[in-house]
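Chains as they are written, first to last, in the numbering used here: chain F, 3 to 380; chain X, 3 to 380.
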């Protein structure tokens, strides 16, 4: 099977092998070294000198951690909503007493600086919950740095869900001024599912110190354990950390910026070829995600029939629509260990399967995808 | 290195190999089959027909899940405290508005039915938070079933932390009437760290349905996902599930009851040999844990000097004291894939190291540990 769901992504052989190392004590020198290594690598990749923690939970747990630590009861929270995951961010915050203002973003797009500035100027907010890349629709806030700046200029604390963005889109935590950023292990860095990474700025710490916090996600406990012992407060998922560390080695060997550039180059070419093939892309051009390729289906075709054929005929596992888009989208990951061979195989199969179901598909358009990518040195 | 900390425990080669299988989509048939297999195996082992879920978090996350779902603001909660983990259970519940009555249990013992009945008769409670085996001190509530019955007779909902008990002590969720039970992956079942398993009774569901619940640990979401699709609501830790499933295969091949009996037989013999060797055991006889062997040190010896020698001289990694017992205990796991060879090696090393530091240690007592265990057929 060839896995191209937008997370988890296929794991490199080296990552799989790393996970099968014997477990060690979570209170011994081996774990301290492993944890420090992970933290330092994430600091480098995410471009931050601030706090970084690796949590034993999936990314939704990281989202819960973020909102439970930074939200106080009665906080005014701005939540731009453009898919399942931005909605989830707001839902999670509600439990901790956030007073949410939902900002519904036009379908097929993502928040842009203009829309957010307008909202920020209408009302004072304590916190903004921003999703960088909406995995459920394949739309991206390409100008996230401008949006963050607009928030920070108005003293709004910024939490970013960069789960399916980190590693596939530019991200500069400190320069941009992101206060809390949540990452998933199993997306563009191609680590195993089950870990979430969270960053915390000094300004966020000031708020967190005075907040009521649940037990498992209490960031003050993570900070204390790391500063005093280079440990996690609770038993970490040791074998997943082995795998993640090796996944980051692969990224760093390739070069952090090159890794991101590869995602963008592949996506640009995939989108152009799909357009030439008369495939209807879901996202408007300026908002297309480089990590999650989202294809619209006509009303008479469902995602499940396309997905089933891809699986049965080609052994390719992609994803369908979520939430209000259930049934009408095909979502394909452009994440992690990208290769020309795999990518050509996937889109060749998609065009083949779609050509039997959707009128006007030009299967031949796939012809130059390989050449385009090879020309760019891939 | 030979790992004998009371969790994580050393993983079987088969478990390590299982974890290095390629990841699959968390919304496909392979995951559904894996998850169903895990749930069915846990049902068998924990003797329940009720709900079982596998969470992507460590056991402390499972504890957070339990209290966040069953505690409503203002609930009267009985918390017998006899170590770090029983204290943690109460602390976690406080965030959700529990009004805790702490019942301090005599040091070196564990809650018994008499003490709990007396407390239950003094005041009405909504929930009791019980720890079966206190990993921080190596003391066990051997008559947990009587304690649970006493609670249920008084309409008190019972949540049990069986993290370091399940697989090493008898546990019958349905017969005993436990409403919510939390298990860890990395203890007596010898799975990889990073998963928590939780069971839920019908009575617990009645309460959960009307409670406010956080997002990541919302059990109603887990129930819905499982019933409708045999899936988890959020990305599961797929590779850890591979490992856990294989760990449970090993347990079931050996026989679920035999697995528990082995823990108890090994512990009984270890305790007798340690007594003959003049080692001071921390727990009073009736409360000694079969899964966590706890050794008291005299005032002039610290746990870290013993642990260091065990590690450097023998490559054995054990644990020290926690909380108020920090510095003064050695804790050794009797969990998981027990073998006569490993056990003899560990206690031979402990007696050797202790004999240089603690007066009166009779090193020769180790002599018959192997023979005793062999005679019992191990």
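We put the beta carbon where it would ideally sit given N, CA and C, even for glycine.
Nonlocal neighbours in the same chain, by C-beta distance under 7 Å from residue 115(F), ignoring five residues either side = 145, 148, 149 and 152
If the cut is a Cβ gap below 7 Å, which residues of chain F does residue 172(X) touch?
-> Taking the beta carbon of residue 172(X) as reference, no residue of chain F falls within 7 Å; the closest one sits roughly 24 Å away.
With 9 Å as the threshold, decide whether the Cβ of residue 304(F) is near any Cβ in chain A.
-> Here chain A cannot be found, since the structure's protein chains are F and X.
Identify the residues that DSSP records as bridge partners of residue 53(X): which are they?
-> 202(X)
What are the uninterrupted segments assigned as alpha helix (DSSP H) that are 4 or more residues long and contained completely in the stretch 209-238 of chain X, given in chain order?
-> 221-231
Any non-hydrogen atom of the ligand FMN closer than 8 Å to residue 308(X) Cβ | In the structure on display, the ligand FMN does not appear, and there are no ligands present to speak of.
Run through DSSP, which three-state label would residue 333(F) get?
-> strand
In this structure, what does DSSP give as the bridge partners for residue 298(X)?
-> DSSP output for residue 298(X) lists 331(X) as bridge partner(s).
Does the distance from the C-beta atom of residue 94(F) to that of residue 60(X) stay below 9 Å?
-> no
Cβ-Cβ separation, residue 242(F) to residue 194(F) (assumed contact under 8 Å), whole Å = Indeed, because the Cβ distance is near 5 Å, the residues count as touching under 8 Å.
Sequence-distant residues of its chain with Cβ nearer than 7 Å to residue 291(X) (five each side left out) = 135, 140, 141, 142 and 285
Excluding five sequence neighbours on each side, which residues of the same chain lie with their C-beta closer than 6 Å to the C-beta of residue 55(X)?
-> 200 and 224
Of all the residues that make up the stretch 172-201 of chain X, which are near chain F by a beta-carbon distance shorter than 7 Å?
-> Per Cβ criterion, the list reads 188, 194, 195 and 196.
Is there a Cβ from chain X that is less than 9 Å from the Cβ of residue 100(F)?
-> no
CB-CB length for residue 65(X) against residue 163(X), believed under 8 Å | 6 Å
Could you check which residue in 354(X), 261(X), 306(X) and 208(X) has the C-alpha nearest to that of residue 276(X)?
-> The candidate whose alpha carbon is nearest that of residue 276(X) is 354(X).
Between the Cα of residue 221(X) and those of 67(X), 297(X) and 181(X), spot the shortest distance and give me the residue it belongs to.
-> 67(X)
Under the three-state reduction of DSSP, which class applies to residue 290(X): helix, strand or coil?
-> If DSSP states are grouped into helix, strand and coil, residue 290(X) belongs with the strands.
Which of helix, strand or coil DSSP assigns to residue 326(X) = helix
When the Cα atoms are used, what is the spatial distance from residue 111(X) to residue 169(X)?
-> 21 Å
Per DSSP, which residues does residue 153(F) bridge with? Please list them.
-> DSSP output for residue 153(F) lists no bridge partner at all.
Residue 93(X) touches chain F at which residues, Cβ-Cβ below 7 Å?
-> 217
CB residue 26(X) to CB residue 33(X), shorter than 9 Å?
-> Going by C-beta atoms, residue 26(X) is nearer than 9 Å to residue 33(X).
Residue 50(X), buried or exposed, once every other Cβ within 10 Å from all chains shown has been counted against 16 | buried
Just grab the DSSP bridge partners of residue 82(F) for me.
-> 105(F)
For the stretch 13-25 of chain F, enumerate the residues whose C-beta is nearer than 8 Å to any C-beta of chain X, in chain order.
-> So the close ones are 13, 18, 19, 21, 22, 23, 24 and 25.
Could you list which residues in chain X have their beta carbon closer than 9 Å to that of residue 238(F), in chain order?
-> 60, 195 and 196, listed in chain order.
Alpha-carbon spacing of residue 326(F) relative to residue 107(F), whole angstroms | 14 Å
Inter-residue CB distance, residue 342(X) and residue 372(X) (contact presumed, cutoff 8 Å) | 6 Å
Per DSSP, residue 163(F) is paired with what?
-> 133(F) and 184(F)
Within chain X, the residues that residue 265(F) reaches when beta carbons sit closer than 9 Å | Neighbours of residue 265(F) on chain X: none; closest Cβ ~19 Å, over 9 Å.
Residue environment, residue 317(F), which counts as buried when at least 16 other CB atoms sit within 10 Å | The residue is exposed, with fewer than 16 neighbouring Cβ atoms inside 10 Å.
Give me whichever residues DSSP pairs with residue 422(F) in a beta bridge.
-> The displayed coordinates of chain F run from 3 to 380. Any statement about residue 422(F) would go beyond what the structure contains.
Could you pull out every residue in the same chain whose Cβ sits closer than 6 Å to the Cβ of residue 380(F), ignoring the five residues on either side in sequence?
-> Taken in chain order, the residues that qualify are 342.
Under 9 Å by beta carbon: chain F residues contacting residue 346(X) = Here the premise fails: no neighbours, minimum Cβ distance about 21 Å.
Taking Cβ-Cβ distances shorter than 8 Å, what residues in chain F pair up with residue 319(X)?
-> Here the neighbours are 26, 27 and 30.
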